[in-house]
Amino acid sequence: MKALKLTGPGRIELQDVPVPDIGPDEVLIKVVGAGLCHSDLHILHQGEEWPFFGTTMGHETAGLVDAVGADVRDLAVGEPVLVRAVWSCGECRPCTVGRENACSVNGSRNKFPLTPGIGADGGMADYIKARPEHIDRLGAVDVASAAPLADAGLTPMHAIRSVRDRLDDGATVVVIGIGGLGHMAVQILRATTSARIIAVDVDAARLEAALRNGADRAILSGPEAASEILAESDGYGVDAVLDFVGAQATVELATGVVAPEGAVRLVGLAGGSFPFNASLEGEVLPWGANVQRSYGGTPADQAEVLALVADGRIAVDVVMYPLADAQRAFDDLEAGRITGRAILVP
Ligand code: NAD
Ligand code: ZN
Numbered sequence: 002m003k004a005l006k007l008t009g010p011g012r013i014e015l016q017d018v019p020v021p022d023i024g025p026d027e028v029l030i031k032v033v034g035a036g037l038c039h040s041d042l043h044i045l046h047q048g049e050e051w052p053f054f055g056t057t058m059g060h061e062t063a064g065l066v067d068a069v070g071a072d073v074r075d076l077a078v079g080e081p082v083l084v085r086a087v088w089s090c091g092e093c094r095p096c097t098v099g100r101e102n103a104c105s106v107n108g109s110r111n112k113f114p115l116t117p118g119i120g121a122d123g124g125m126a127d128y129i130k131a132r133p134e135h136i137d138r139l140g141a142v143d144v145a146s147a148a149p150l151a152d153a154g155l156t157p158m159h160a161i162r163s164v165r166d167r168l169d170d171g172a173t174v175v176v177i178g179i180g181g182l183g184h185m186a187v188q189i190l191r192a193t194t195s196a197r198i199i200a201v202d203v204d205a206a207r208l209e210a211a212l213r214n215g216a217d218r219a220i221l222s223g224p225e226a227a228s229e230i231l232a233e234s235d236g237y238g239v240d241a242v243l244d245f246v247g248a249q250a251t252v253e254l255a256t257g258v259v260a261p262e263g264a265v266r267l268v269g270l271a272g273g274s275f276p277f278n279a280s281l282e283g284e285v286l287p288w289g290a291n292v293q294r295s296y297g298g299t300p301a302d303q304a305e306v307l308a309l310v311a312d313g314r315i316a317v318d319v320v321m322y323p324l325a326d327a328q329r330a331f332d333d334l335e336a337g338r339i340t341g342r343a344i345l346v347p
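Throughout the sequence shown, residue numbering follows our numbering, covering 2 to 347 in sequence.
Encoded structure:
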């Protein structure tokens with residue numbers, strides 16, 4: 002079969018490899034689509050010390066069950082499924098209390114849980130194998146466009162659930178970066194909260210799309226963005242900010258517009274930072290601000306995403322590329338030419 006391998010810093014290659022063998026507790030899935038995430042670009046640009054060269058890329062995978070191991074129950078050949086992006090153990094204390102994205106067995110204090118496409122072979126291939134506990138049934142959800150739900154749907158849902166109690170009538174939430182994750186965040190916020198949604202991006206077309214997807218206001222990212230947002234509340238600030246970029250400018254924007262007791266969720270990984278000095282005066286963050294590095298999501302978050310899609314309340318804006326054109330898709334994502342989410346089709 003064909004598989005897109007990360008072969009070294011900045012290098013991907015479509016290789017011929019054997020179809021994976023499955024054990025008694027594993028499932029073989031014929032891939033229908035594999036989403037391309039901006040994280041794949043971060044992975045592509047790791048240095049020689051990156052431990053996972055040789056891995057098949059892709060942590061967003063949808064497909065059809067092709068074969069099941071002897072001990073697998075409840076999954077039938079031909080069933081459309083989504084492979085989860087967070088391969089937690091399901092049994093440690095974090096997992097059993099609903100914090101599977103902080104699994105202490107398949108992850109550690111400084112390392113997120115095992116992920117297909119990073120520590121295990123991912124979905125940018127003809128086939129992927131996974132354990133049944135890392136597979137969700139798609140039911141009536143369209144399998145061809147489902148792959149991004151495993152991350153571009155899941156991760157915004159997790160960040161939003163962690164701030165949803167703040168997003169009552171009259172609240173304002175800012176979404177920074179209306180790409181793969183951000184365009185889903187706007188839709189999830191519209192579907193599940195009554196907050197006023199302000200979308201921020203550097204690209205006017207993405208802001209137009211955000212307005213169509215339910216944002217109340219769109220602001221071009223830049224030096225004026227913070228004062229435009231603060232002007233809505235006489236300088237007091239907004240209830241929550243979701244940063245799906247994580248660049249210096251966006252971390253400064255997020256920490257600079259959050260209200261006292263407000264929430265900042267840092268999801269993007271573009272290397273931004275902010276100072277914190279625990280002093281009485283002059284701090285960037287207002288009193289009570291709650292900042293979280295938000296990672297992935299949990300099975301409960303995934304279930305809520307799938308239910309919203311099944312009800313027709315949110316949908317991924319997809320662009321299809323043949324898997325054979327993966328390099329072009331990576332180049333297009335890097336150059337900002339993809340609106341919504343790219344799916345590689347084997
Ligand atoms: P994407 O490339 O699809 O979207 C990024 C968006 O940000 C684009 O619309 C772009 O125009 C916009 N943007 C870029 N610079 C900006 C700026 N200065 N101000 C405002 N907007 C700006 O990326 P994606 O796949 O949605 O991923 C977003 C980020 O989230 C990436 O860094 C990715 O690695 C990260 N990520 C994190 C997690 C997690 O669990 N923490 C999961 C998935 C992705
Ligand atoms: Zn666990």
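Glycine is no exception: its CB is placed at the ideal position from the N, C-alpha and C atoms. Predicted model, so just to flag it, every value in this text is computed and none were measured.
Residue range of the alpha helix (DSSP H) that I315 falls in? The sequence position of residue 315 within the sequence shown is 314, counting from 1. It is not in any alpha helix (DSSP H) - I315 carries neither H nor E in the DSSP assignment.
Give me the Cα-Cα distance between E305 and G55, rounded to the nearest whole angstrom. On the sequence shown, residue 305 is found 304 positions in, with the first residue counted as 1. On the sequence shown, residue 55 is found 54 positions in, with the first residue counted as 1. Distance between the alpha carbons of E305 and G55 is about 34 Å.
To which residues does DSSP link D122 through a beta bridge? As a first step, residue 122 must be located in the sequence shown, where it is residue number 121. Partner(s): none; D122 has no beta bridge.
Curious, which full-length alpha helix (DSSP H) runs of at least 4 residues does the stretch 167-252 contain? Here the runs fully enclosed are 181-193, 205-213, 226-232.
Identify whether N102 lies in helix, strand or coil by the three-state DSSP scheme. If you number the sequence shown from 1, residue 102 lands on position 101. In the three-state DSSP reduction, N102 falls in the helix class (H, G or I).
The alpha helix (DSSP H) with P117 in it runs from where to where? Taking the first residue of the sequence shown as 1, we reach residue 117 at position 116. From DSSP, P117 is part of no alpha helix (DSSP H); its letter is neither H nor E.
Between the stretch 135-149 and the stretch 76-89, can you find at least three pairs of beta-carbon atoms closer than 8 Å? The stretch 76-89, when compared against the stretch 135-149, does touch it at the 8 Å Cβ threshold.
Among D169, A160, G283, the one whose alpha carbon lies nearest that of Y296: Translated into the one-based positions of the sequence shown, residue 296 becomes position 295. For Y296, the nearest C-alpha among the options comes from A160.
Does the distance from the C-beta atom of A186 to that of V201 stay below 9 Å? Reading the sequence shown from its first residue, position 185 is the one you call residue 186. Reading the sequence shown from its first residue, position 200 is the one you call residue 201. When the beta-carbon positions are compared, A186 and V201 stay at least 9 Å from each other.
My guess is that G36 and R342 are in contact by the Cβ rule of under 8 Å, so how many angstroms apart are they, rounded? Taking the sequence shown and counting its residues from 1, the one referred to as residue 36 is at position 35. Taking the sequence shown and counting its residues from 1, the one referred to as residue 342 is at position 341. Right, the Cβ-Cβ distance comes to about 6 Å (below 8 Å), so this counts as a contact.
Among L29, A211, R294, V28, which one has its Cα closest to the Cα of G269? Against the sequence shown, residue 269 aligns to sequence position 268. It is R294.
Quick check on the contact list: which residues have their beta carbon closer than 5 Å to a heavy atom of the ligand ZN? In chain order, the residues positioned with their C-beta nearer than 5 Å to some heavy atom of the ligand ZN are S89, C90, C93, C96, C104, V106.
Do you know whose CA, among I339, G180, V73, lies nearest K130's CA? Here residue 130 is taken as the residue at index 129 of the sequence shown, counted from 1. For K130, the closest of I339, G180, V73 by C-alpha to C-alpha distance is V73.
Excluding the 5 residues preceding and the 5 following D170 in the sequence, name in chain order all residues of the same chain whose CB lies nearer than 6 Å to its CB. For this step, residue 170 is matched to residue 169 along the sequence shown. If the five residues before and after D170 are omitted, its C-beta is found closer than 6 Å to the C-beta atoms of S195, all from its own chain and listed in chain order.
How would you call E61, buried or exposed, if buried means at least 16 neighbouring beta carbons within 10 angstroms? Your numbering for residue 61 matches position 60 in the sequence shown. By the neighbour-count criterion, in which a residue is buried when 16 or more other Cβ atoms sit within 10 angstroms of its Cβ, E61 is buried.
On the criterion of 16 or more Cβ atoms from any shown chain inside 10 Å, does N278 qualify as buried, or is it exposed? By 1-based counting over the sequence shown, the position of residue 278 is 277. The residue is exposed, with fewer than 16 neighbouring Cβ atoms inside 10 Å.
Are there any heavy atoms of the ligand NAD lying less than 8 Å away from the beta-carbon of D333, as far as the coordinates show? By one-based count along the sequence shown, residue 333 stands at place 332. Distances from the CB of D333 to the heavy atoms of the ligand NAD are all 8 Å or more.
Does the stretch 226-240 come close enough to the stretch 203-214 that 3 or more CB-CB pairs lie under 8 Å? Contact fails between the stretch 203-214 and the stretch 226-240, because fewer than three Cβ pairs, one in each stretch, are under 8 Å apart.
Going by DSSP, name the residue or residues bridged to D72. Indexing the sequence shown from 1 puts residue 72 at position 71. Beta-bridge pairing links D72 to no other residue.
Report yes if the C-beta distance between M125 and G180 is below 9 Å; otherwise report no. As a first step, residue 125 is located in the sequence shown; it is residue number 124 there, counting from the start. As a first step, residue 180 is located in the sequence shown; it is residue number 179 there, counting from the start. Result no, Cβ atoms of M125 and G180 do not sit closer than 9 Å.
Residue of L281, K3, C104, H46 minimising C-alpha distance to G1: For residue 1 there is no data in the structure shown, the boundaries of the chain being 2 and 347.
Any contact between the stretch 276-292 and the stretch 307-326? By contact I mean 3 or more CB pairs, one from each, below 8 Å. Not touching, per the Cβ criterion.
Taking 8 Å as the line, does the beta carbon of S295 fall inside it for any heavy atom of the ligand NAD? The sequence position of residue 295 within the sequence shown is 294, counting from 1. Answer for S295: yes, Cβ within range of the ligand NAD.
When you compare each of M158, V346, R197, G273 to A325 by their alpha carbons, which one comes out closest? Along the sequence shown, read from residue 1 onward, the residue named residue 325 stands at position 324. Taking only the C-alpha atoms, the option nearest A325 is V346.
Distance check for V66 and L29, CA to CA, integer angstroms please. By one-based count along the sequence shown, residue 29 stands at place 28. By one-based count along the sequence shown, residue 66 stands at place 65. Roughly 6 Å separates the two Cα atoms.
Between L83 and the ligand NAD, is there a pair consisting of the residue's CB and a ligand heavy atom that are separated by less than 8 Å? Taking the sequence shown and counting its residues from 1, the one referred to as residue 83 is at position 82. No, the ligand NAD has no heavy atom inside 8 Å of this Cβ.
Measure the alpha-carbon distance for G99 versus C93 and round it to whole angstroms. Position 98 of the sequence shown, counted from the first residue, corresponds to residue 99. Position 92 of the sequence shown, counted from the first residue, corresponds to residue 93. Between the alpha carbons of G99 and C93 lies a distance of about 10 Å.
Between R197 and D217, how many whole angstroms is the CB-CB distance? I'm expecting something under 8 Å. Position 196 of the sequence shown, counted from the first residue, corresponds to residue 197. Position 216 of the sequence shown, counted from the first residue, corresponds to residue 217. About 5 Å separates the Cβ atoms of R197 and D217, confirming a contact at the 8 Å cut-off.
Is A290 near V252, with beta carbons less than 9 Å apart? Here residue 290 is taken as the residue at index 289 of the sequence shown, counted from 1. Here residue 252 is taken as the residue at index 251 of the sequence shown, counted from 1. Contact flag unset, no.
Own chain residues within Cβ distance below 7 Å of P300, not counting five before or after: For this step, residue 300 is matched to residue 299 along the sequence shown. The residues are E101.
Can you tell which of P52, L7, A250 has its C-alpha closest to the C-alpha of L42? On the sequence shown, residue 42 is found 41 positions in, with the first residue counted as 1. The shortest C-alpha separation from L42 is found at L7.
Selected residue, minimal CA-CA separation from R162, among L267, D302, G91, W88: Residue numbering aside, residue 162 sits at position 161 when the sequence shown is read from its first letter. The shortest Cα separation from R162 among L267, D302, G91, W88 belongs to D302.
With DSSP as the reference, label V265 as helix, strand or coil. Sequence index remark: in the sequence shown, residue 265 carries index 264 (1-based). Residue state, collapsed to three classes: strand.
Within the present structure, is the beta-carbon of H46 separated from the nearest heavy atom of the ligand NAD by less than 8 Å? Residue numbering aside, residue 46 sits at position 45 when the sequence shown is read from its first letter. Not under cutoff, so the answer is no.
Given 8 Å as the limit, tell me if H365 has its C-beta closer than that to any heavy atom belonging to the ligand NAD. This structure cannot settle anything about residue 365, because the visible part of the chain is limited to 2 through 347.
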